[in-house]
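Contents: one structure, followed by commentary.
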Amino acid sequence: MNLLQTMWSISRRKSLLNCPRQYVMRYSRSQEKWKYSNNLVELSLTDLMIRSSRKLMLERLEDHKNGIEWSSRMVQLKLKLGLKVEMNLERYEQVKHKESRYLNYLISSAKNKIDSLWNTEIFKRIISSEIRQWSVMDRKKFFSDGHIDIFCSPDICYKIQNKWNLLRIDFQGERKNASSELEGMAMVNWAKRNNFLPLVTEQYIVHTLKYIGGFWIHEKYFPSEEKLQQSKQLLEKDVNAMNNLVNKMGPLMDLSQIPLSNSQSNCNKCSFKQLCPAKDGLEQSKLEQNSIEYNSVKIRFESK
Ligand code: SF4
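Residue numbering for the sequence shown is 7 to 310, as defined by the numbering used here.
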């Protein structure tokens, strides 16, 4: 049975927009059928490296807070170890032997990413203690708004004079779009529900650092009550679209009813590719899917 979708996060939204089929397989409650742990689906090495880089960033920041600084070699070692921890030993050994060049490439590009993150203005000000009041936040902390659990915590919260700055760091950023600002505003709605942060909207500034095309791009937004309201509406609309999508599968969880991605680049990095008709070419699979949809509509029409 397909249960109601009740969670919202930026990752879920990205997945929904980039590929509805991927969203259903990764996040819908019916995902048990396609769970990662059944060995049919494994997160790609790129996804694992992003996960490992995020953990490393938080750990390094916490160590900095405690007066411990990491050398360049330490960053590299931690990235390697982090990746190893993210996968089972058998897979790690396989990758080490069969894809060692790719593994080294991933580690070295993740290191470059971390180095350039530490060179962004915000990080330089944190590391040099120009920004003194800051803390790392827990992304697993959510707030409930009616029937939706909203996971949109910033990664770092810092205070400059009387302004609270909410920063989200996206290791796989996407270019700014019409909704970027409202997505960012969700962090303010989250912060206002946090007992340790202020209730006054104008006391916040929202920042995002997104890694796009080899650079960290900084975006900055100023909240207002109207934007916070619009952000809530955006989230409602998303969750509604998620539910419509899951319902479209019907009780048999028929994945052939779910649209595929519009872009081959999403397929290239998708963990579900081996379970998807698009593994043999996206364009051809979309034509086949259209004809399946056409036939099922036709059958329904003729049986009336
Ligand atoms: S391979 Fe492409 S179409 Fe299939 S689930 Fe992944 S992103 Fe979507």
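We put the CB at the ideal spot given by N, CA and C, even for glycine.
For residue i, does the count of other Cβ atoms within 10 angstroms reach 16, so buried, or fall short, so exposed?
| i | result |
| --- | --- |
| Glu99 | exposed |
| Gln295 | buried |
| Gly73 | exposed |
| Ser135 | exposed |
| Leu293 | exposed |
| Asn118 | exposed |
| Ile264 | buried |
| Tyr210 | buried |
| Leu46 | Residue confidence is low: Leu46 scores 49 on pLDDT, short of 50, so the model does not pin down where it sits. Its coordinate-derived value is still stated next. Exposed is the call here. |
| Tyr111 | exposed |
| Arg66 | buried |
| Arg32 | buried |
| Leu22 | buried |
DSSP has residue i in a bridge; who is on the other side?
| i | result |
| --- | --- |
| Leu215 | Ile175, His224 |
| Lys169 | Ile166 |
| Ser134 | Partner(s): none; Ser134 has no beta bridge. |
| Tyr210 | Trp170 |
| Asp15 | Correcting the residue identity first, residue 15 is Ser in this sequence and not Asp. Bridge partners of Ser15: Phe157. |
| Asp151 | Ile154 |
| Val245 | Beta-bridge pairing links Val245 to no other residue. |
| Trp140 | Tyr164 |
Rounded to the nearest angstrom, how far is the Cβ of residue i from that of residue j, given a contact under 8 Å?
| i | j | result |
| --- | --- | --- |
| Leu84 | Leu109 | Looking at the sequence shown, residue 84 is not Leu but Lys. The Cβ separation is near 15 Å, so there is no contact. |
| Met13 | Asp155 | 5 Å |
| Glu225 | Ile16 | That belief does not hold up - the Cβ atoms of Glu225 and Ile16 are roughly 13 Å apart, past 8 Å. |
| Lys169 | Ser159 | Not a contact, Cβ separation roughly 18 Å. |
| Thr52 | Lys254 | Contact flag wrong, Cβ pair sits at about 29 Å. |
| Ser319 | Ala192 | It is not possible to answer for residue 319, since the shown part of the chain is limited to 7 through 310. |
| Lys233 | Glu187 | 7 Å |
| Ile137 | Ile166 | 6 Å |
Under 8 Å, do residue i and residue j count as touching if we go by C-beta distance?
| i | j | result |
| --- | --- | --- |
| Pro26 | Leu261 | no |
| Ile128 | Leu173 | yes |
| Leu54 | Met93 | yes |
| Lys86 | Ile113 | yes |
| Glu68 | Val142 | yes |
| Phe177 | Ile56 | yes |
| Val81 | Ile120 | yes |
| Val245 | Gln11 | yes |
| Trp140 | Cys163 | yes |
| Ser291 | Leu266 | yes |
Smallest Cα separation from residue i: which of the options?
| i | options | result |
| --- | --- | --- |
| Thr214 | Ala184, Asn171, Gly152 | Asn171 |
| Phe221 | Ala116, Asn24, Arg18 | Ala116 |
| Thr126 | Lys216, Ile74, Cys282, Tyr227 | Lys216 |
| Ser122 | Gly219, Lys238, Leu266 | Gly219 |
| Asn198 | Val212, Glu187, Lys119 | Just to set this straight, residue 198 is Lys in the shown sequence, not Asn. Out of Val212, Glu187, Lys119, Val212 has the C-alpha closest to the C-alpha of Lys198. |
| Arg145 | Asn200, Lys182, Glu48, Lys292 | Asn200 |
| His70 | Trp124, Arg97, Lys182 | Trp124 |
| Arg19 | Leu240, His103, Leu281, Lys102 | Leu240 |
| Ser59 | Ser269, Pro257, Gly88 | Gly88 |
| Gly256 | Leu22, Val30, Ser21, Asn24 | Val30 |
| Ala184 | Tyr227, Ser78, Leu49 | Tyr227 |
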